[in-house]
Amino acid sequence: MTKSTQKRWVDYLILGLSVFLVFCLLFESYMELPAWVSWLGRWHPLVLHFPIVLLLIAIFLSLTGKNVPKRLLIVAVVSALVTAISGFFLGKDTLVKGDLLVWHQWLGGALALLSAVWYAFVNMFPSQIRYQQVIQVVLIGLIGFTGHYGGMVTHGPDFLAFPQSKRLDKIPENPNIYSDVVMRILDNTCLSCHNPNKQKGELLMTNLDQLFKGGEHGPAVVPGDLEKSLLVRRVRLPKEDEDHMPPEGKTPLSELEINILERWIALGAPDTVRLDQLEPSEPLVGLIQEMRTPDHEEKWRSFATVADSTLQNLSSDYLTIERMVANSNALSVDVYAPPNYDPKPITDLKRVADNLVELDVSGLPVGTEEMATIASCTNLEWLEIDGTPLTDKELQSLTNLQNLTLLKVYQTGITDRSVEVFKQLPKLSKLYVWDTNISDAALEALQKERPALQVYKGIDPKTKDFFVTTDSTDTSSLQ
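Letter by letter, the sequence shown follows residues 1 to 479 in full-length UniProt numbering.
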């Protein structure tokens, strides 16, 4: 094949791709794509970086007076057109297009078509350098704007906003449960992937009807039914599960946020109920009050800076340490039982003691040394030391944890003497104490003195004995 023949086929290819792209953009509403074509659109995020780099290299060479290799320009233009077409295929797979996606699609189309115009100028009017330079400058602008809108489609419209402008407004004193609390949680953790511009799993979460309708895997919310509500099931999955939501790299929901969503769904997922319309004894009242005050993130901003390298040094296969929210210095730590237990990973946490907000050492044989380290973490709000050899003596060291709101001490050896410790924790709102040596009388006295404190005592012994006996009987009958 001669060079002139090759050039003619390249010209036909670029012209054909350009005409097809224009047809797609103009007649989108009349088009229905087969499944395999929609699948081709899934490659758009993979191929989109090639034309950006190639076009910028070609533009740089041209603007600096150097010759642009013809093959470089051809590959750049063809890849730009293919990328725009694949983006169109991907966009057609979206049920409802938001403004960001529409702008991204048309800017990307304009970018690809203008690059084809540049190719035509190079071949038809090689001496018209000034016009080519104008095209190149416009291409640079289009690359910037197209990439920016693509970033907003992927990461949310405020992904380049400064941290100060992304701060959430405080929850009103008498909030609407759905619009002021539930949507606040969803907006902060879910809407970046489930909005009109980006509908992962064909799921929109911008209003209540969409939550009820759900996506390709089922309804996100089923009023009054936690088991069938996909939203709750996904956020409750272990973080290592591939179906856990939000996915890795996104800000996870806190236990408080999950509890609020669960209780809201259990109450029927109402959208008009306000806080003062609920009974004071309703658990959702306490959960929302806990979210309203204190402003956790405001407090966390005052924490000393912790470098990522420090977190990496403290982490191991059996100790995970994470920031509570992106770019925050408030930390959450989970410690797991290694084959050979060593207190050092816990005692080493002294380096970040003032930054620890959540700590889970449940099921570990912690001793006096580890408890001393835990007691030094005065900003702790969440502590799980259940299933440990904890006694009244060790628990006494925790009286200076004045910010503690949740404490799990079930399946430990503590007695009625530890009730005095609970009384000295002014912010404590949830206490888990089953399978301990604390008497019912002591817990009843505690709840009379602290009526707002929610005490979880586990399954009633008589009920537990009934199920154990029944299960034992059923098993024996099968033998």
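Using N, Cα and C, we set each Cβ at its ideal position, and we do this for glycine too.
In chain order, each alpha helix (DSSP H) run of at least 4 residues that lies wholly inside the region 317-361: 344-347, all fully within the region 317-361.
Neighbourhood of Leu226 by C-beta, 7 Å cutoff - its chain only, sequence neighbours within 5 removed: Closer than 7 Å at the Cβ level, and outside the excluded window around Leu226, lie Val232, Glu262, Ile265 and Ala266.
Paired residues, beta bridge with Tyr456 - DSSP: BP columns for Tyr456 point to Tyr432.
Which of helix, strand or coil DSSP assigns to Glu384: Assignment of Glu384 by DSSP, reduced to helix, strand and coil, places it in the strand class.
Inter-stretch contact at 8 Å, needing at least 3 Cβ pairs: the region 297-311 / the region 179-188: As far as the Cβ criterion goes, the region 297-311 does not touch the region 179-188, which means the pair count is below three.
Simplified DSSP state of Leu415, which is helix, strand or coil: Looking at the sequence itself, residue 415 is Thr, so the reference to Leu does not match. Correct three-state label for Thr415: strand.
Where the alpha helix (DSSP H) containing Glu408 begins and where it ends: Rather than Glu, the amino acid found at residue 408 in this sequence is Lys. From DSSP, Lys408 is part of no alpha helix (DSSP H) but of the beta strand (DSSP E) over Leu406 to Lys408.
Residues that Asn437 bridges to, as DSSP identifies them: Looking at the DSSP assignment, Asn437 forms a beta bridge with Thr415.
Inter-residue Cα distance where the pair is Leu404 and Val273: A direct Cα-to-Cα measurement between Leu404 and Val273 gives close to 30 Å.
Cutoff 7 Å; reference Ser376; Cβ partners in own chain excluding five residues on either side: Answer for Ser376: Lys350 and Ala353, listed in chain order.
Span separating the alpha-carbon of Val71 from that of Gln6: Reading off the sequence, residue 71 comes out as Arg, not Val. Taking the straight line joining both Cα atoms gives about 12 Å.
Contact check, Tyr336 vs Tyr410, beta carbons under 9 Å: It is not a contact, given that the beta carbons lie outside the stated cut-off.
Segment contact, 8 Å Cβ cut-off, at least three pairs: the region 99-108 with the region 133-152: With the cut-off at 8 Å, the region 99-108 and the region 133-152 touch.
Burial state of Leu390 (16 or more Cβ within 10 Å): When all chains shown are included, Leu390 counts as buried.
Bridge-paired residues (DSSP) for Gly218: For Gly218, which the question treats as bridged, DSSP gives the partners Gly215.
Counted within 10 angstroms of its Cβ, other Cβ atoms place Asp342 as buried (16 or more) or exposed: Counting the other CB atoms within 10 Å of its CB gives Asp342 a total below 16, which places it among the exposed residues.
Counted within 10 angstroms of its Cβ, other Cβ atoms place Thr436 as buried (16 or more) or exposed: In this structure Thr436 is buried. Its beta-carbon is surrounded by 16 or more other beta-carbon atoms within 10 angstroms.
Asp386 Cβ short of 8 Å to the ligand GDP heavy atom set: Judged by which ligands are present, the structure shown has none, so any question about the ligand GDP falls away.
Contact the region 203-223 vs the region 279-293: 3+ CB pairs below 8 Å: Not touching, per the Cβ criterion.
Per DSSP, the bridge partner or partners of Asn176: Arg274, per the DSSP bridge assignment.
N-terminal and C-terminal residue of the alpha helix (DSSP H) that Glu290 is part of: Where Glu290 is concerned, the enclosing alpha helix (DSSP H) stretches over Pro283 to Arg292.
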